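Reviewing the structure listed below.
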Amino acid sequence: MPLSLELFLTAHQLDQYYQSFMNAGATDHDLPNLIALNDQELNEMIHAVQMLPFHSIKFKKALREQRTPESSISSSSSSSSSSDKPSHKSPPCRTAEMTCHLAQGEEGDTEQRASIASHAVIYGKNSARPLTNYELSINRASIEFALQDPSLLINKGRLFDLAKKKLLEQGYQYKRGKSRSKFLSGASNVDKEEPVKWLPMAAAPTSPPLSPTLSVDERKRIRRKEHAARQSTERRLRIDHLEVELDKLRSSGSPLAAGLVKTIGKLKAQERKHQWYKRKTQEKPSAVEPLPSPPHLLLSPPSFTDFHFRPLSVSPPPSEPRAKVLTVRDCCNA
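Take the sequence shown: its letter number 113 is residue 113 in the UniProt record's numbering, and every next letter is one higher.
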């Protein structure tokens with residue numbers, strides 16, 4: 001009696017996919033049809049039932065085992081018939097069957113390894129872009145681990161961690177320098193180099209107290225100037241220190257020199273920008289700084305004792321003669 005699909009899946013602990021096979025159009029008596037499928041058709045069927053990678057490997061292996069009993073029975077019968085008639089040489093049919101069986105085993109093993117490798121790929125599985133050297137190295141390491149232990153395909157995070165650890169142990173050459181692995185017990189001298197120690201920030205000098213008569217905007221402007229000058233001083237000190245460290249790293253041939261060159265370039269660019277802004281504010285103070293306050297606002301108000309009462313002085317008569325105004329009496333007398 002042929003084995004049903006449900007019993008076949010239950011025997012191999014894949015009974016959770018029985019309903020998916022039913023939804024895909026298969027029946028309980030379609031196990032011989034599944035066994036007769038080629039690799040492409042079988043992959044399409046596995047994709048239709050959404051089978052997990054490790055379960056698909058088990059399913060394919062079980063189908064291959066269902067194909068082999070017929071060849072094993074025929075080979076056993078031929079061997080029993082040949083044992084009745086002793087001969088010094090095996091018949092050609094027996095040799096052909098053994099060769100065919102070995103070829104099928106090697107083909108099945110190759111297909112299984114190819115399936116594991118396709119599911120173990122981490123980068124570029126659903127993308128057509130070219131992969132970087134780092135991504136290709138991670139893929140190669142993950143495929144090696146998956147071939148050794150296929151159960152890692154269920155936990156891709158664990159597989160990625162193992163692949164990354166292997167790259168670190170092998171001293172993978174990164175784009176921006178050599179990796180400094182934490183997993184290595186005996187690291188090279190370059191790996192043991194201490195990181196560059198930056199100079200501590202310079203202590204801010206105590207600025208003199210501002211006049212209470214200044215407005216809020218003037219106080220903020222003065223404080224911004226002091227902060228910018230302090231940052232400029234700290235930048236120049238740090239650049240000098242890093243240039244000394246850069247000479248040491250170049251002499252020792254350390255790969256950290258490239259990163260230090262970029263840091264010094266950024267600091268110098270910031271200092272050039274600060275100096276340019278400083279020159280612009282000195283050339284056109286009215287365009288940046290507000291106009292100074294009127295003088296009468298900067299002076300303190302006068303006290304009451306500063307006022308003196310002075311008598312009014314009579315202005316002297318004008319030097320030029322004034323015209324005489326004629327009255328009615330003057331006209332009558334005339």
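Idealized CB from N, CA, C, for every residue including glycine.
Computed from a predicted model, the values in this text were never measured in an experiment.
query: Suppose you measure from the CA of residue 392 to the CA of Arg140; what does that come to, to the nearest Å?; result: With the chain represented from 1 up to 334, any question about residue 392 goes unanswered, as that position is not in the structure.
query: Specify the secondary structure class of Ala26 as computed by DSSP and reduced to three states.; result: coil
query: Using CA coordinates, which residue listed in Lys58, Leu167 and Ala62 is at the minimum distance from Ser142?; result: Leu167
query: Using a Cβ-Cβ cutoff of less than 8 Å, which residues in the same chain neighbour Glu111 once the five nearest sequence positions on both sides are dropped?; result: Asp39 and Lys60
query: Under 7 Å Cβ to Cβ from Ala257, same chain only, skipping five residues before and after it: list those, please.; result: Leu246, Leu249 and Arg250
query: Answer yes or no: do Ile154 and Leu52 have a C-beta to C-beta separation smaller than 9 Å?; result: yes
query: Within 10 Å of its beta-carbon, does Pro150 have 16 or more other beta-carbons around it, so buried, or fewer, so exposed?; result: buried
query: Can you look up Ser75 in the DSSP assignment and give me helix, strand or coil?; result: Its pLDDT being 46, under 50, Ser75 is placed unreliably by the model, and nothing is read from it.
query: State yes or no: is the C-beta of Leu42 within less than 9 Å of the C-beta of Leu3?; result: no
query: If you draw a straight line from the alpha carbon of Gly259 to that of Thr132, how long is it in whole angstroms?; result: 21 Å
query: To the nearest angstrom, how far is the alpha carbon of Arg230 from that of His241?; result: 17 Å
query: For a test of the three-state rule: what should DSSP assign to Val190, helix, strand or coil?; result: Note that Val190 scores a pLDDT of 38, beneath 50, so its modelled location is shaky; the value from the coordinates is reported in the next line. Coil.
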